[in-house]
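A.B. asks: Just passing along the structure, written as structure tokens.
Residue numbers (the numbering used here), protein chains in the order written: chain A, 581 to 647; chain B, -2 to 154.
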């Protein structure tokens, strides 16, 4: 089960090497994203595209506001 | 979560997302980072006071700081109310809580000027309070400052 986290935890995890992933479409990512975030649009997410991520490090995913 | 199905062991969901992030005035990257926002233009260093202070004491502080208004905040900096000049010039023995304007309209630091300035123009107000998502004071956005910023950037703040 995926754990929901608060922004303070996101900041701490990013500082400790977590991979921050925005799952919105590319245009929205290009307009605005969290510092250092990687873009992996949900519609394109598969084993091939996820290969850019390190499986050994935590991954934090986000979109606009969870709605 | 698809990433878990793909074998990722530690996956977390920042459900509040980038709306929450930007509303707390945290830095962002991308094209939007270049657009001017309420938090960029708001005047900082607004004088603050507590609910139980006497208006006369607050007025001295506000005048010394060169302002004509004061924000009423709690110990965490969360905005509770506002004292405008008319009240500051009133009875010095009044207690802030009795005379403050409760719950002033606020906007978030991430609000773009292109959005907020036309709205405060329409309402014919000169200022709007800028607070973070949790209500903590950031500053005061003056309509004139916002209009100047928009004019300087050719309307593409």
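All residues carry an ideal CB built from backbone N, CA and C; glycine is no exception.
(1) According to DSSP, what are the bridge partners of residue 641/A?
(2) Tell me whether the beta-carbon of residue 126/B lies closer than 9 Å to the beta-carbon of residue 137/B.
(3) Does residue 153/B pass the burial test, meaning 16 or more other C-beta atoms within 10 Å, or should it be called exposed?
(4) Would you say residue 615/A lies against chain B (beta-carbon separation less than 9 Å)?
(5) Taking 9 Å as the CB-CB limit, is residue 154/B close to chain A?
(6) Which one of 68/B, 121/B, 33/B has the shortest CA to CA distance from residue 48/B?
(7) Do we get a CB-CB distance below 9 Å when we pair residue 155/B with the residues of chain A?
(8) When the cut-off is 9 Å and only beta carbons count, does residue 74/B lie next to chain A?
(9) Taking the alpha-carbon positions, what's the residue 603/A to residue 62/B distance?
(10) Using a Cβ cut-off of 8 Å, pull out every chain B residue sitting near residue 638/A, in sequence order please.
(11) Counting only beta-carbon atoms, is residue 106/B nearer than 9 Å to chain A?
(12) In chain B, what lies closer than 8 Å to residue 612/A by C-beta?
(13) Can you tell me whether residue 121/B is buried or exposed, with buried defined as 16 or more other CB within 10 angstroms of its CB?
(14) Which residues mark the beginning and the end of the alpha helix (DSSP H) in which residue 134/B is found?
(15) Taking 8 Å as the limit between beta carbons, can you name the residues of its chain near residue 98/B, skipping five residues before and five after?
(16) Mind checking which residues open and close the alpha helix (DSSP H) that includes residue 4/B?
(17) How should residue 614/A be labelled, buried or exposed, when 16 other C-beta atoms within 10 angstroms of its C-beta is the threshold for buried?
(18) Whole angstroms is fine: what's the gap from residue 94/B's alpha carbon to residue 581/A's?
C.D. replies: On the basis of the data shown:
(1) 601/A, 10/B
(2) yes
(3) In this predicted model, residue 153/B has a pLDDT of only 49, less than 50, meaning its place in the structure is not dependable; the value taken from the coordinates is given anyway. Exposed, because fewer than 16 other Cβ atoms sit within 10 Å of the Cβ of residue 153/B.
(4) yes
(5) Any reading at residue 154/B must be qualified, since the residue scores a pLDDT of 49, below 50, and its modelled position is unreliable; the value itself is stated next. Not one chain A Cβ lies under 9 Å of residue 154/B.
(6) 68/B
(7) Summary: the structure shown does not reach residue 155/B, with chain B confined to residues -2 through 154, and so no result is reported for it.
(8) no
(9) 46 Å
(10) 7, 8, 9
(11) no
(12) 15, 19, 25, 26, 27, 28, 29, 30
(13) exposed
(14) Note, residue 134/B: premise wrong, no alpha helix (DSSP H); beta strand (DSSP E) at 134 to 139.
(15) 78, 79, 80, 81, 84
(16) Element bounds for residue 4/B: n/a, residue is neither H nor E.
(17) buried
(18) 47 Å
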